[in-house]
Amino acid sequence: MSVSMPTAELWVERWERQQQRYAFDREERFTVVADVVEHVTMGHDSPRVLDLGCGPGSLPARLIKRLPTAEIVAVDMDPLLLALARTRHSRAARYVEAVIGEDGWTGALGLRRPVDAVVSTTALHYLPEGVLRRTYAELTGLLRPGGVLINADHLPLEGEGFVEIAEYVGTRRAERQHAFDHEDWETWWSAVEKEPELTGLCAERRKRRSAHAGRPVTLGRHIELLAEAGFGPANPVWQVGNSYVLVAVRR
Ligand SMILES: C[S@@+](CC[C@H](N)C(=O)[O-])C[C@H]1O[C@@H](n2cnc3c(N)ncnc32)[C@H](O)[C@@H]1O
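Using numbering that gives the first Met the number 0, you'd call the opening residue of the sequence shown number 0 and step up by one each time.
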């Protein structure tokens with residue numbers, strides 16, 4: 000099912016604004032992800048990148064502007080968001096529908112060679128710890144040695160009071176940026192449901208969508224899981240409140 004350009008432009012633009020409520024300094028965070036990809040692929044003719052949970056193509060659209068020769072594969076499980084991406088940002092990536100963590104999902108990507116970077120924005124917090132553990136192990140098989148996993152997401156901190164402090168800092172930052180003036184997630188989705196051109200995709204999405212549950216995985220636990228999976232050191236290279244860009248290097 001395809002979507003016309005005017006419809007895709009409308010809903011992707013609305014998505015971009017909606018997501019600013021949740022990802023503090025979202026644009027800056029995308030830029031930091033691109034900085035890291037640029038750094039690890041310096042001198043490469045055609046950097047190879049895999050985006051996990053790409054939604055309507057927000058990160059591929061930014062990455063391809065910075066790295067125009069990059070080959071980006073972008074995966075998501077949502078047929079509606081993928082349809083918007085395939086129209087609005089068609090040239091930024093090759094889009095694949097698959098559920099990260101399900102049996103066979105890495106095969107569905109059709110990667111012929113290892114990638115230089117696996118990137119993700121505001122998506123991996125959906126994965127419960129068991130799925131994340133498996134996924135990190137699988138990613139070591141997709142990355143070249145020296146390649147990186149770059150996860151830009153909100154990750155709770157450990158230690159008494161720190162969850163609240165980090166959330167508070169992020170919330171105050173968001174208020175200063177008027178992020179709460181933007182519509183929220185529920186409003187965006189209920190408006191999409193009323194878009195006549197997207198009726199079929201909304202029905203498709205309802206059929207396929209599997210619920211993910213589980214306690215959010217803390218920053219410290221992400222770092223432990225990455226080490227267990229065989230990654231080298233993992234460190235945040237950027238932070239605002241509980242929003243991070245966490246980078247792990249494949250040994
Ligand atoms: C909040 S959106 C972020 C989208 C985009 N990366 C961005 O920054 O705008 C989270 C995305 O992760 C996707 N997602 C969550 N769990 C997934 C899974 N197990 N497999 C594939 N996609 C998943 C959702 O469908 C959704 O598109």
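Note that the Cβ used here is the ideal one computed from N, Cα and C, for glycine as well.
Please read all numbers here as calculations on a predicted model, not as lab measurements.
Alpha helix (DSSP H) segments (min. 4 residues) lying fully within the region 25-68: With a minimum length of 4 residues, the continuous alpha helix (DSSP H) runs that stay inside the region 25-68 are 25-39 and 57-65.
At a threshold of 6 Å, does M76 count as lining ligand 1 (C-beta to nearest heavy atom)? What you label residue 76 is simply residue 77 of the sequence shown in a count that begins at 1. Relative to ligand 1, the nearest heavy atom lies less than 6 Å away from the CB of M76.
Given this structure, state the Cα-to-Cα distance separating F230 from P67, to the nearest angstrom. In the sequence shown, the residue the question calls residue 230 occupies position 231. In the sequence shown, the residue the question calls residue 67 occupies position 68. C-alpha of F230 to C-alpha of P67: approximately 28 Å in a straight line.
CB of V98 to nearest heavy atom of ligand 1: below 6 Å? Residue mapping note: residue 98 aligns to position 99 of the sequence shown, counting from 1. Checking every heavy atom of ligand 1 against the Cβ of V98, one is found closer than 6 Å.
Start-end ranges of the alpha helix (DSSP H) lying completely within the region 145-219, minimum 4 residues: Qualifying alpha helix (DSSP H) stretches, in chain order: 161-175, 184-192 and 198-207.
Give the range of the beta strand (DSSP E) segment to which A93 is assigned. Your numbering for residue 93 matches position 94 in the sequence shown. The residue you asked about is not Ala; residue 93 is Arg in the sequence shown. Here the beta strand (DSSP E) through R93 covers R93 to E96.
Over the uninterrupted alpha helix (DSSP H) stretch that includes V130, give me the two end residues. Stepping through the sequence shown from its first residue, residue 130 is reached at position 131. V130 -> alpha helix (DSSP H) spans E128 to L141.
Nearest to V118 by CA position, among R250, A7 and P46, is which residue? Locating residue 118 in the sequence shown gives position 119, counting from the first residue. Taking each of R250, A7 and P46 in turn and checking the Cα distance to V118, the smallest one comes out for P46.
Tell me which same chain residues have a C-beta within less than 8 Å of the C-beta of H124, skipping the five on either side of it? The residue labelled residue 124 in the question sits at position 125 within the sequence shown. The residues are D152, H153, L154, P215 and V216.
Separation of E26 from G54, as counted between CA atoms: Mapped onto the sequence shown, residue 54 falls at position 55. Mapped onto the sequence shown, residue 26 falls at position 27. Near 16 Å, if we compare the C-alpha coordinates of E26 and G54.
First and last residue of the beta strand (DSSP E) that includes P78? Residue mapping note: residue 78 aligns to position 79 of the sequence shown, counting from 1. First-last for P78: P78 to R87, but that is the alpha helix (DSSP H), not the beta strand (DSSP E).
For P40, the nearest candidate out of A228, E185, L218 and G146 (CA to CA): Locating residue 40 in the sequence shown gives position 41, where the first residue counts as 1. Before going further, note that residue 40 is Thr rather than Pro in the sequence given. Each of A228, E185, L218 and G146 was checked against the Cα of T40, and the nearest Cα belongs to G146.
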